[in-house]
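All remarks here apply to the structure that follows.
Protein chains: 4
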Amino acid sequence: MTVRIGVIGTGAIGRDHARRINHVLGGAKIVALSDVNKASAEAVRQDIAPDAKVYDTGEELIASSDVDAVLVTSWGATHEQYVLAAIAAGKPCFCEKPLATTADGAKRIVDAEVSHGKRLVQVGFMRRYDAGYVALKQAVDSKIGAPIMVHAAHRNPTVPEQYVTPMAIHDTLIHEIDVFRWLLNDDYVSARVLFPRSSARSHAKLKDPQIVILETAKGTIINVEVFVNCHYGYDIQCEVVGEDGIARLPEPMAIQMRLGAKLQNEILTDWKDRFIASYDVELQDFIHAAAKGTASGPTSWDGYVAAITSDACVTAQDSEGDAVAINLPTRPSLYN
Amino acid sequence: MTVRIGVIGTGAIGRDHARRINHVLGGAKIVALSDVNKASAEAVRQDIAPDAKVYDTGEELIASSDVDAVLVTSWGATHEQYVLAAIAAGKPCFCEKPLATTADGAKRIVDAEVSHGKRLVQVGFMRRYDAGYVALKQAVDSKIGAPIMVHAAHRNPTVPEQYVTPMAIHDTLIHEIDVFRWLLNDDYVSARVLFPRSSARSHAKLKDPQIVILETAKGTIINVEVFVNCHYGYDIQCEVVGEDGIARLPEPMAIQMRLGAKLQNEILTDWKDRFIASYDVELQDFIHAAAKGTASGPTSWDGYVAAITSDACVTAQDSEGDAVAINLPTRPSLYN
Amino acid sequence: MTVRIGVIGTGAIGRDHARRINHVLGGAKIVALSDVNKASAEAVRQDIAPDAKVYDTGEELIASSDVDAVLVTSWGATHEQYVLAAIAAGKPCFCEKPLATTADGAKRIVDAEVSHGKRLVQVGFMRRYDAGYVALKQAVDSKIGAPIMVHAAHRNPTVPEQYVTPMAIHDTLIHEIDVFRWLLNDDYVSARVLFPRSSARSHAKLKDPQIVILETAKGTIINVEVFVNCHYGYDIQCEVVGEDGIARLPEPMAIQMRLGAKLQNEILTDWKDRFIASYDVELQDFIHAAAKGTASGPTSWDGYVAAITSDACVTAQDSEGDAVAINLPTRPSLYN
Amino acid sequence: MTVRIGVIGTGAIGRDHARRINHVLGGAKIVALSDVNKASAEAVRQDIAPDAKVYDTGEELIASSDVDAVLVTSWGATHEQYVLAAIAAGKPCFCEKPLATTADGAKRIVDAEVSHGKRLVQVGFMRRYDAGYVALKQAVDSKIGAPIMVHAAHRNPTVPEQYVTPMAIHDTLIHEIDVFRWLLNDDYVSARVLFPRSSARSHAKLKDPQIVILETAKGTIINVEVFVNCHYGYDIQCEVVGEDGIARLPEPMAIQMRLGAKLQNEILTDWKDRFIASYDVELQDFIHAAAKGTASGPTSWDGYVAAITSDACVTAQDSEGDAVAINLPTRPSLYN
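Chains as they are written, first to last, in our numbering: chain A, 123 to 458; chain B, 123 to 458; chain C, 123 to 458; chain D, 123 to 458.
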């Protein structure tokens, strides 16, 4: 069976996912496209999916009997409505982060999916599909003993002018928030934020770097440096300290060179290159599950918890050093 | 267009390539299968390609108008006949190594393809598609200056009892023979073999390790340690020394652990894991070219040169330390 | 000139320093020994310093006109009295940590030295003499831009039964407390302690690991993991994040091996091996300064600040998560 | 006992050894100096050894009853005569490489020392005292099984204009020639040299790089790249392949930095920095043995074998690719 996929939102990421599905991955094809900017959808049709139909609205696309499954890659503020529509239509739906722009919005999706009674939503937390994190999880699960601490860093060389303090949580830390829950098989109970002096490369509305400290239900403490003006590269670091030893996320593959009095490996500078391979894997996983009428990978619940945790972290930014409690509702059995 | 592919030879590698084409890669599907052991072809049909037809012979499969392109993954001794038949039928053909069991056989394929006037054959030298080698080539081409020396090693933890001295060339070094020509954009002019004392883990008919020294037309000297009883792991090392610096093939991705008084990364022990990802890439390349009725990647000529070079290396094994000349015929313009 | 040195306290460290001075270093010789256990001093005389005289008390040793300079390597509780006596006698004095068992005791030493008007005391913070830290300081001073954060770890494989929670500060973190002030050329303004769940290898009176967070006057935030039951080795990690890049303390020299399917380097397990070379360097520095009638290296003031900071960290252990202010008196000009 | 040392030859290395003995090491002092350029000896006296006496000739210095032991750090062509004189005087003698400028000269020293009946000579092969090589030897002896191959490199960024092809052996490879015999506890039976095309940075009288292949009595094959225009740094590499695994010489200690999109460690460019610490250790060893009236470390025999081996390598340069036999005389029992 070939899964017939419709893409809502044909900007950079939507276009790239369309390319993956039609040219890289097996088992699916793009049959439908939609974008508020219709010319954008037309362009993707022409370049990548000549057999696809362009729809006026995302809702029409979702409703079409030609469409088996939906990719929501539109502007974040529209995610909730399309995901809810897909659930209402009983169609598997891959939604880029954020699942919704508020925790309440995410909760509405969880509630709808629970009412539906079967998983339909996969959230685009691609790091869970990264070969490095997968290998790290294996080491955490089987080699280093029960985890006690995590030391991590999320560093960008620079950010646009409009990037302000809370975005360090919503746009940047959000990936760590999701991936550590999965890595540790644990939930958060509190968040705390510390601010060193800001980098000279930052600006008045951005305290940068930040140190976010998360505590989990099992008592693991995670400290994450978020530094978005680190200048030297895009760098994701993660070290898990367990009872018996320590495991570290691999550096991205790079050629070691001896050159100009330096033993050197290149460091990436563009975040888009860092987890590029994991997009293929997450979408292949979506296709496989969609072929069976369901979804796997990161759930609506994961998206909802990420939203609650993000909110707590932003609150913690406003009372530096204080622990802000993270109280999660009971997890519906659908997500066990 | 979906390329309709027939697979001749449904052993381990044929089955695995069928899985890739039907479940991992885009743009092609398995429509035909054939094997001397018909039950094997049937099993692959059942497990992987239910819509495929099983043919009695490779020749019938090649002749079928349902088949656009052919994978030759049968026993090595049969490669030549199937590749020649595919060329005769004007169909793109991916052939696992060796292209033929003799240099003369490989030459017959080259001649047939040249007569045909268009590339149809891709040889299964997958290392050219490995992300590590691709990055290394980029560094060699642009960072370290003109290459002068290569230091390399091909190590297996152990080999079966029937593995004897010449197999270190035909079955093991063969990959380095191809990949270094590509990496250096150069040809060989001589081969030399040195034998240290043999490992205690070797046996009477296998001198192991061996050091093979290849000289190129541009004057680069390559020394390759071939050690197939190295015990500790499957390990491929390659370091290119250029005028300005040195570039080294990356180690496979591994989790760095601190455990039991050791800072440690796991080393692979099974060769099948080492270049696993490159099989996907080489077949995707085959599919893309086949969709246009041609072939790309390693050519028949590359297969022929590999055969000539292997023969010279085996000759060199019989006169330890002496340089054996490698005289290549003129390269047909089809392969420029 | 040969500096004539008297050693007060001839236990393991006193004996080892005596050996250094008589057998490894130039410019000094051991002429006097003293220990509460006179047999111990006699044994060192016999084994290492046959020309030395054994004194009944440290005070007599200090007073002797044969003695130019003093090493205080006795039991910690006696350090203060001997250092004060050495200052009173106007003799250079090397004192192992702690300078005194209380901040008040350390202050009395500072006051005495300030009254004397010239430096006479070097405290045994040997890390400042470690080649790795020296190189790290050079990188921090000249390569990575102004420091903003430090991520560090101090891990022991195991500790004796009597090691309890505050000792993680007084006996373990004390080295980081001193070395980071020197590394960053900065002072502390607050300390905070976080406790993850304790390791299963710990016991009721020891919360282990601990995360100590120090903030400096310049706004740098330092997080140090102190984990004394880490099991896998004795491991000191330190990474300084600056405006332009990151510098990391080198791992101790180790042979990289490929063995048993692992790429591995040995990790030390005994703390005594980690900074072994720095003891030679610090004592050589002491000898050079003592030859001129003064002292260099870590000062009484550094010992005093370390005591104040340690006290703040222990207070912070009792109110987990809260920042405890560190208020330093004005630094006497002698120490600028 | 303080060993009273006389230094013959007060150029850069003689001056530096004098400094070591008077300011860094214990157990010895410089009492005598001599140089063909008397002003040079006077300058060292003034700067480093004010109590020393300056002698008109090396022979007078050796004969003086004030001198217990001798350092020969004069021009290479004069080594033989001074070492022979020291042996005749029955005084321990440290001689920088080469022991003599010809194998015959070295043999005369061996014969003299054997006649004397006790070791008196230490040759300045300092690598045996380098902490990295010492650790490597330990791994070779106890961890990786019996050695079968060695892959090594000796790279200089550049050499002076007058450096010609044979100097790659006499001045550069000489260190590997000695250290591998010690590392493997083995002797050479043949040498072979291969020349890749020369680097564009080389000149007409220097074939650079060279690959020297040495075979040992136990059947180990060693390949050493000698590349003295490698441009990027001074770099010494050595990897020993044993029956069970591989051990590698550590890189010199360096700070790992993340800077400018590179994960980087500095590589040394000046050979003088590479083994700087080992000079202290070798001289301390000399002092300890000299205090007992004898010598330890690299022997006259080692110097003689190095000379014979160097000659064979230079012969091998003249018949590229051919194995040149290395026939050693019987080792006198003094050197067992």
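We put the beta carbon where it would ideally sit given N, CA and C, even for glycine.
Using a Cβ-Cβ cut-off of 8 angstroms (strictly less than) and excluding sequence neighbours within five positions of S312 (chain A), which residues of its own chain qualify? Excluding five sequence positions before and after S312 (chain A), the CB atoms of its chain that fall closer than 8 angstroms to its own CB belong to L336, E337, A434, A445, V446, A447 and I448, given in chain order.
For the candidate residues D:V362, D:M289 and D:S186, whose alpha-carbon lies nearest to that of K329 (chain D)? Among D:V362, D:M289 and D:S186, the Cα nearest to that of K329 (chain D) belongs to D:M289.
Any beta carbon from chain B within less than 8 angstroms of M271 (chain D)'s own beta carbon? Yes - at least one Cβ of chain B is within 8 angstroms of the one on M271 (chain D).
Same chain only: Cβ atoms within 8 angstroms of D366 (chain B), ignoring 5 sequence neighbours per side: Hits under 8 angstroms: K265, I266 and G267.
Endpoints, the alpha helix (DSSP H) within which F302 (chain B) is located: Element bounds for F302 (chain B): I296 to L306.
Can you check which of these residues, D:H353, D:G254 and D:Y457, is closest to G382 (chain A) by C-alpha distance? Distance check between G382 (chain A) and each of D:H353, D:G254 and D:Y457 places D:H353 closest, using alpha-carbon atoms only.
For P372 (chain A), return the contacting residues in chain B, with the cut-off set at a CB-CB distance below 8 angstroms. Correct list: M375, A376, I377 and Q378.
Leaving out five residues on either side along the sequence, give the residues of the same chain with a beta carbon under 8 angstroms from the beta carbon of H540 (chain A). Residue 540 (chain A) lies beyond the stretch modelled for chain A, which goes from 123 to 458, so this question has no answer here.
Nearest CA to the CA of L147 (chain B): which residue from A:L450, A:S418 and A:L405? Answer by Cα proximity: A:L405.
Of all the beta strand (DSSP E) runs that stay within the bounds of the segment 320 to 406 of chain B, which reach a length of 3 or more residues? If we require 3 residues or more, the beta strand (DSSP E) runs fully inside the segment 320 to 406 of chain B come out as 332 to 338, 343 to 349, 357 to 364, 367 to 370, 378 to 381 and 384 to 388.
Rounded C-alpha distance that separates G443 (chain B) from V436 (chain B): When rounded, the distance between both Cα atoms is 12 angstroms.
Between the CA atoms of S186 (chain B) and G131 (chain B) - distance to the nearest angstrom: When rounded, the distance between both Cα atoms is 16 angstroms.
Would A225 (chain B) pass as a contact of L206 (chain B) if the rule is Cβ separation under 8 angstroms? No.
Out of curiosity, what's the CA-to-CA distance linking D392 (chain D) and N278 (chain D)? Distance between the alpha carbons of D392 (chain D) and N278 (chain D) is about 8 angstroms.
Does the Cβ of M271 (chain B) have 16 or more other Cβ atoms within 10 Å, making it buried, or fewer, making it exposed? Result: buried.
Euclidean distance between Cα positions of P282 (chain B) and Q332 (chain B): Between P282 (chain B) and Q332 (chain B), the C-alpha separation is close to 17 angstroms.
Are the beta-carbon atoms of V363 (chain C) and F349 (chain A) separated by less than 8 angstroms? For V363 (chain C) and F349 (chain A), yes; Cβs fall inside 8 angstroms.
Are the segment 237 to 247 of chain C and the segment 413 to 426 of chain C touching, with three or more C-beta to C-beta distances below 8 angstroms? Note that the segment 237 to 247 of chain C touches the segment 413 to 426 of chain C; at least 3 beta-carbon pairs, one per stretch, sit closer than 8 angstroms.
Could you compute how far the alpha carbon of Y401 (chain C) sits from the alpha carbon of F408 (chain C)? Spanning the two alpha carbons is a distance of roughly 11 angstroms.
Please report the straight-line C-alpha distance between S455 (chain D) and E347 (chain B), rounded to a whole angstrom. Taking the straight line joining both Cα atoms gives about 37 angstroms.
Looking at C-alpha atoms only, which residue of D:S320, D:K340, D:G425 and D:T200 is the closest neighbour of V286 (chain D)? Closest option to V286 (chain D), Cα to Cα, is D:S320.
Is there a C-beta anywhere in chain D that falls below 8 angstroms from the one on E388 (chain A)? Yes - at least one Cβ of chain D is within 8 angstroms of the one on E388 (chain A).
Extent of the continuous beta strand (DSSP E) run through G133 (chain D): For G133 (chain D), there is no enclosing beta strand (DSSP E), as DSSP gives it neither H nor E.
Measure the beta-carbon distance from V192 (chain A) to K213 (chain A) and round it to whole angstroms, keeping in mind my assumption that it falls under 8 angstroms. Indeed they touch by this definition, with Cβ atoms about 6 angstroms apart.
Cβ closer than 7 angstroms: which chain C residues qualify as neighbours of G355 (chain B)? Neighbours of G355 (chain B) on chain C, chain order: R380 and A383.
Once you ignore the five residues that flank R370 (chain B) on each side, which residues in its own chain have a CB closer than 6 angstroms to its CB? So the qualifying residues of the chain are E361.
Chain-ordered neighbours of T391 (chain C) on chain B, where CB pairs are closer than 9 angstroms: Simply A383.
Consider the C-beta atom of Y354 (chain B) and the heavy atoms of the ligand GTP; say whether any pair is separated by less than 7 angstroms. With respect to the ligand GTP, the structure offers nothing, as it holds no ligand at all.
Where R323 (chain D) meets chain B, residues with beta-carbon distance less than 8 angstroms: At a C-beta separation below 8 angstroms, R323 (chain D) has these neighbours in chain B: E365.
Backbone secondary structure at F317 (chain D) - three-state DSSP: In the structure shown, F317 (chain D) adopts coil according to DSSP, grouped into three states.
Chain C partners of L316 (chain A), CB-CB under 9 angstroms? In chain order: R314, I335, E337, I343 and N345.
If you draw a straight line from the alpha carbon of V194 (chain A) to that of A163 (chain A), how long is it in whole angstroms? Looking at the backbone, the Cα of V194 (chain A) and that of A163 (chain A) are separated by about 13 angstroms.
Taking all protein chains shown into account, decide if N307 (chain D) is buried (16 or more other Cβ within 10 angstroms of its Cβ) or exposed. Exposed is the call here.
Measuring only the C-alpha atoms, how far is L183 (chain A) from H139 (chain A)? Within the model, the alpha-carbon separation for L183 (chain A) versus H139 (chain A) is close to 17 angstroms.
Along the chain, where does the beta strand (DSSP E) containing K151 (chain B) start, and where does it finish? That run of the beta strand (DSSP E) goes A150 to S156.
Using beta carbons (cut-off 8 angstroms, strictly below), is P279 (chain D) in contact with chain B? By this cut-off, P279 (chain D) is not an interface position.
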